[in-house]
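K.L.:
What follows is a structure written as structure tokens; I'll ask about it next.
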Amino acid sequence: VLAEKRSLGSRDGPPHLVVVVLLHSRAAARDSLCLLQRQDSAVVRADEGGAGGFALLCPRLKQRWRFVPAQAGDLHAVLDLAKVADSLLFILDPVDGWDSAGEHCLSCLFAQGLPSYALAVPGGTDLPPKKRIDARKRLSKSIEKRFPEAKLFPLNTEQECSLLLRHLSSQKQRHLAFRDRRAHLLARAAEFVPSQDSDLVGTLKVSGFVRGQTLNVNSLVHIVGHGDFQLSQVDAPPDPLSLNPRVVKGQKRSQDMEIQDDSGNGADEMEEDVKVLMKADPSKQESLQSEVVPDPMEGEQTWPTEEELQEAEDSLKADRRVVKVPKGTSKYQAAWIVDDGEEGTEKDDDDDEDDDMDDDLMEEAVSQEGESSEEEAGEEESETMTVSECLRDEQYDEKMEEDEQMLERYKQERMDEMFPDEVDTPRDVPARVRFQKYRGLKSFRTSPWDPKENLPRDYARIFQFQDFSRTKKNLFRQIEKEETEGASVGWYVTLHVCNVPVSVMESFKEGKPLVLFSLLPHEQKMSVLNFLVRRHPGNSEPVRAKEELIFHCGFRRFRASPLFSQHTSADKHKLERFLRPDAALVVTVYAPITFPPASVLLFKQRSNGMHDLIATGSLLSVDPDRIVIKRLVLSGHPFKIFTKTAVVRYMFFNREDVMWFKPVELRTKWGRRGHIKEPLGTHGHMKCHFDGQLKSQDTVLLNLYKRVFPKWTYDPHVPEPVPWVRSESALPEHEEEME
Numbered sequence: 001v002l003a004e005k006r007s008l009g010s011r012d013g014p015p016h017l018v019v020v021v022l023l024h025s026r027a028a029a030r031d032s033l034c035l036l037q038r039q040d041s042a043v044v045r046a047d048e049g050g051a052g053g054f055a056l057l058c059p060r061l062k063q064r065w066r067f068v069p070a071q072a073g074d075l076h077a078v079l080d081l082a083k084v085a086d087s088l089l090f091i092l093d094p095v096d097g098w099d100s101a102g103e104h105c106l107s108c109l110f111a112q113g114l115p116s117y118a119l120a121v122p123g124g125t126d127l128p129p130k131k132r133i134d135a136r137k138r139l140s141k142s143i144e145k146r147f148p149e150a151k152l153f154p155l156n157t158e159q160e161c162s163l164l165l166r167h168l169s170s171q172k173q174r175h176l177a178f179r180d181r182r183a184h185l186l187a188r189a190a191e192f193v194p195s196q197d198s199d200l201v202g203t204l205k206v207s208g209f210v211r212g213q214t215l216n217v218n219s220l221v222h223i224v225g226h227g228d229f230q231l232s233q234v235d236a237p238p239d240p241l242s243l244n245p246r247v248v249k250g251q252k253r254s255q256d257m258e259i260q261d262d263s264g265n266g267a268d269e270m271e272e273d274v275k276v277l278m279k280a281d282p283s284k285q286e287s288l289q290s291e292v293v294p295d296p297m298e299g300e301q302t303w304p305t306e307e308e309l310q311e312a313e314d315s316l317k318a319d320r321r322v323v324k325v326p327k328g329t330s331k332y333q334a335a336w337i338v339d340d341g342e343e344g345t346e347k348d349d350d351d352d353e354d355d356d357m358d359d360d361l362m363e364e365a366v367s368q369e370g371e372s373s374e375e376e377a378g379e380e381e382s383e384t385m386t387v388s389e390c391l392r393d394e395q396y397d398e399k400m401e402e403d404e405q406m407l408e409r410y411k412q413e414r415m416d417e418m419f420p421d422e423v424d425t426p427r428d429v430p431a432r433v434r435f436q437k438y439r440g441l442k443s444f445r446t447s448p449w450d451p452k453e454n455l456p457r458d459y460a461r462i463f464q465f466q467d468f469s470r471t472k473k474n475l476f477r478q479i480e481k482e483e484t485e486g487a488s489v490g491w492y493v494t495l496h497v498c499n500v501p502v503s504v505m506e507s508f509k510e511g512k513p514l515v516l517f518s519l520l521p522h523e524q525k526m527s528v529l530n531f532l533v534r535r536h537p538g539n540s541e542p543v544r545a546k547e548e549l550i551f552h553c554g555f556r557r558f559r560a561s562p563l564f565s566q567h568t569s570a571d572k573h574k575l576e577r578f579l580r581p582d583a584a585l586v587v588t589v590y591a592p593i594t595f596p597p598a599s600v601l602l603f604k605q606r607s608n609g610m611h612d613l614i615a616t617g618s619l620l621s622v623d624p625d626r627i628v629i630k631r632l633v634l635s636g637h638p639f640k641i642f643t644k645t646a647v648v649r650y651m652f653f654n655r656e657d658v659m660w661f662k663p664v665e666l667r668t669k670w671g672r673r674g675h676i677k678e679p680l681g682t683h684g685h686m687k688c689h690f691d692g693q694l695k696s697q698d699t700v701l702l703n704l705y706k707r708v709f710p711k712w713t714y715d716p717h718v719p720e721p722v723p724w725v726r727s728e729s730a731l732p733e734h735e736e737e738m739e
């Protein structure tokens, strides 16, 4: 721990990266940055790009910092910078603290994972001393909810700035697991070299300090917000933020690693002080393939073998016969010509068939005579039975008009109850046709369901691990124990990223941060990801399943239409049609593989372009075999109740549907269980048997189940959100809650 603290910001480690986050529109961020630059014996180096960042070198303290201000209102910029920041410097208003936009920003940062932080309060000197003390006490009390035991640092003099810098360098560093296991880099400079074929795509040379882990040139890199790319080589330019400029660290590093010099690839044209550390090896380089290309003939019958072809040819030779035919007859016509011998045998066969038919007709006639004699003997009994059955159905169907009116009343009553998973049985389509993809289960918890049954075509495009948890453990153990060749942590390097669109460089010139993460093996491949999320208390709008949402998962962000399901320890999980506010749910989508732990934020885009935070959580697993079951409930109402039987109506509307769903078990809202005994009439009434007597106000339910899969709507391009509309301070609400 001590070595880690000493290396951060020192000569051998990367500069201490401090991201300045503005939490109030009236907070004086520019004055604070100017005050930080006026430190004694400090050297200030401005960053490239339009972000307005600068580096602060203090040889006296043997420390170096890099301050990067996040653009006010740009949520993506704040979250991207927080992914790689060593510390966050929150700028507060001396009176109100933070406003509604600052509250929204803090909610997103806490959900993503908060690194080390400090709270600075510039200004407030124009207030009278007494009011200044009261405002400070009120502000300290207000921030306790978000930042317990946090200290406020005034930022009005150079001495106070020195105290703040000392606190930033000496405080305990918080670790974010998803970035500690991956090499990452925040670009300090970038250069775009167009390719020979097109000016829209080319090589992007990104310069910055390596953080987290050793960076290997053969691994893929992910540019946050833009996608996955390959590296061609890694250079070692001189460190622009060296505490001792006389020492050229590139020379020292070139001794540690074998320098590859290839004059044919243009190494002679490079500058003299830039050394090539590594070049990508095509045999070891990770592939950009993210999907499996399915073979449509993979499940079809294979081509016959040589033995099978020979057997078929031999059987054809055995069936061949010599026939006399007229001249000009084709092979097809000759096959229909019959020899005299064959004709005689066929006649004999026809005679035998005719005899068999005559015998059958004779036996049938005898049996009919016997049956007619038996019917005459018991003619009265059989007639009364058939007439009574017809009369019973006709009398039973006479009151159907009253039932139609009663059905409309029940529908109006049920509309107010909002019973989960309940649907109305269609009248225009038979229930056995409408619900033909559903099945009944004896027990939702214990009944078996094959995870490989009836998979969609999209499952042929994804990758699946034989044992995901074992793969993850082996990979993390390899990262911790084995030493990887590449650029070590703290080195200033230039990465040559291949086939990058020019839009990446344009966004960097506009002042947006350029953040790179190296990918672990398999993290570019598509699979089924499951996130465990909980509804954010600040949002109460209904969110339906399969509605497009914006995901911030670890270092990725993308759009997808997820499924919601319950979080249980069983092997089957019930689908939820809406994102419930009172329980944790599992969100399932098609997305690139990411090894947990990783935080996840779910946003919903408004019509005006703003992004609302609706849920937060973490990555649960990468498991395509997780079974999500959609439950469908058909309801009926008891019409006549006996001791343990009852006549139920309005569940079905024809006799065939009752017979079709007869094997499925019934249940009631009051806990009774039963089954369908027989249909009554032709309009869907049925006699049911239960384990006890029903109550007249009880409702009979029939559960049907079907496995559902997410839609392939993955889109890595997320539009930039509209800046959040700032309103009055959010702190008085906290004060009222605490009071």
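1 is the number of the first residue of the sequence shown in full-length UniProt numbering; add one for each residue after it.
Glycine included, every Cβ here is placed at the ideal spot set by N, Cα and C.
1. Since Ser242 and Glu286 are thought to touch, with beta carbons under 8 Å apart, how far apart are those beta carbons, to the nearest angstrom?
2. Would DSSP call Arg673 helix, strand or coil?
3. Work out the CA separation of Pro420 and His689 for me, nearest whole Å.
4. Run through DSSP, which three-state label would Lys512 get?
5. Is Arg166 a contact residue of the ligand FMN, with contact defined as CB to any heavy atom under 7 Å?
6. Secondary structure at Phe578, three-state DSSP: helix, strand or coil?
7. Pick helix, strand or coil for Met278, following the three-state DSSP scheme.
8. To the nearest angstrom, report how far apart Pro237 and Gly617 are at their CA atoms.
9. DSSP on Val658, reduced to helix/strand/coil?
10. Leaving aside the five residues before and after Pro721 along the sequence, list all residues of the same chain whose C-beta is less than 7 Å from its C-beta, in chain order.
11. May I ask which residues mark the beginning and end of the alpha helix (DSSP H) holding Ile133?
12. Is there contact between the region 700-718 and the region 661-669, where contact requires at least three CB pairs shorter than 8 Å?
13. With H, G and I counted as helix, E and B as strand and the rest as coil, what does DSSP make of Glu480?
14. Check for me: the beta strand (DSSP E) holding Leu56 runs from which residue to which?
15. Below 8 Å between beta carbons: does that hold for Thr588 and Val543?
16. Determine the closest residue to Ile91 out of Leu81, Leu33 and Ser488, with distance taken between C-alpha atoms.
17. Would residue 740 and Ser565 be called neighbours here (beta carbons separated by less than 8 Å)?
18. In whole angstroms, what separates the C-alpha of Leu516 from that of Asp623?
19. Whose CA, out of Gln171, Leu632 and Gly692, lies closest to the CA of Asp424?
20. Can you pull the DSSP bridge partners for Trp65?
21. Using three-state DSSP, classify Gln260 as helix, strand or coil.
22. Is it buried or exposed for Thr568, if we count other Cβ within 10 angstroms and need 16 for buried?
23. Give the range of the beta strand (DSSP E) segment to which residue 778 is assigned.
24. I'd like the span of the alpha helix (DSSP H) that includes Ala431, first residue to last.
25. Quick one, are the C-beta atoms of residue 743 and Tyr714 less than 8 Å apart?
26. On the CB-based measure, 16 or more other CB atoms within 10 Å of its CB, does Trp65 come out buried or exposed?
27. Would you identify the three-state DSSP class for Asp354, choosing helix, strand or coil?
28. Between Thr446, Arg707, Arg181 and Gln196, which has its C-alpha nearest Gln436's C-alpha?
29. Would you report the Cα separation of Gly212 and Arg477, rounded to the nearest angstrom?
30. So which of Leu89, Asp31 and Arg26 has the shortest CA-CA distance to residue 801?
31. Indicate whether Leu119 and Leu152 have their beta-carbon atoms separated by less than 8 Å.
32. Do the region 192-199 and the region 497-507 touch if we need at least three Cβ pairs shorter than 8 Å?
33. In three-state terms, what does DSSP make of Ala46?
34. Just confirm the distance between the C-beta atoms of Gly486 and Asn216, as a whole number of angstroms; I'd bet it's less than 8 Å.
35. Taking Phe54 as the reference, which of Arg556, His16 and Gly102 has the closest Cα?
36. Kindly identify the DSSP beta-bridge partner or partners of Met686.
P.N.:
The short version:
1. Actually they are not in contact, since the Cβ atoms of Ser242 and Glu286 sit about 33 Å apart, beyond 8 Å.
2. Look at Arg673 here: in three-state DSSP terms it is strand.
3. 25 Å
4. coil
5. The ligand FMN is not among the ligands present in this structure, which contains no ligands whatsoever.
6. strand
7. strand
8. 40 Å
9. helix
10. Hits under 7 Å: Leu75, His76, Gly609, Met610 and His611.
11. Per DSSP, Ile133 belongs to the alpha helix (DSSP H) from Pro129 to Ser142.
12. yes
13. Looking at Glu480 - three-state DSSP - the assignment turns out to be helix.
14. Phe54 to Cys58
15. Contact check for Thr588 against Val543 fails: the beta carbons are separated by 8 Å or more.
16. Leu33
17. Outside the shown range of the chain (1 to 739) lies residue 740, about which nothing can therefore be said.
18. 27 Å
19. Leu632
20. His16 and Leu56
21. Low per-residue confidence applies at Gln260: pLDDT is 41, beneath 50, and the placement is therefore not dependable, though the value from the model is reported in the following sentence. In this structure, Gln260 counts as coil in the three-state DSSP scheme.
22. exposed
23. Nothing about residue 778 can be reported from this structure: the residues present for the chain run from 1 to 739 only.
24. Ala431 to Arg434
25. The structure shown has nothing for residue 743, since the chain only spans 1 to 739.
26. buried
27. For Asp354, the predicted structure reports a pLDDT of 49, less than 50, and the residue's modelled location is therefore unreliable. A value from the coordinates is still provided. Asp354 carries a helical assignment under DSSP once its states are collapsed to helix, strand and coil.
28. Arg707
29. Distance between the alpha carbons of Gly212 and Arg477 is about 16 Å.
30. Summary: the structure shown does not reach residue 801, with the chain confined to residues 1 through 739, and so no result is reported for it.
31. Result yes, Cβ atoms of Leu119 and Leu152 sit closer than 8 Å.
32. yes
33. If DSSP states are grouped into helix, strand and coil, Ala46 belongs with the strands.
34. 4 Å
35. His16
36. Met686 is bridged by DSSP to Val648 and Pro679.
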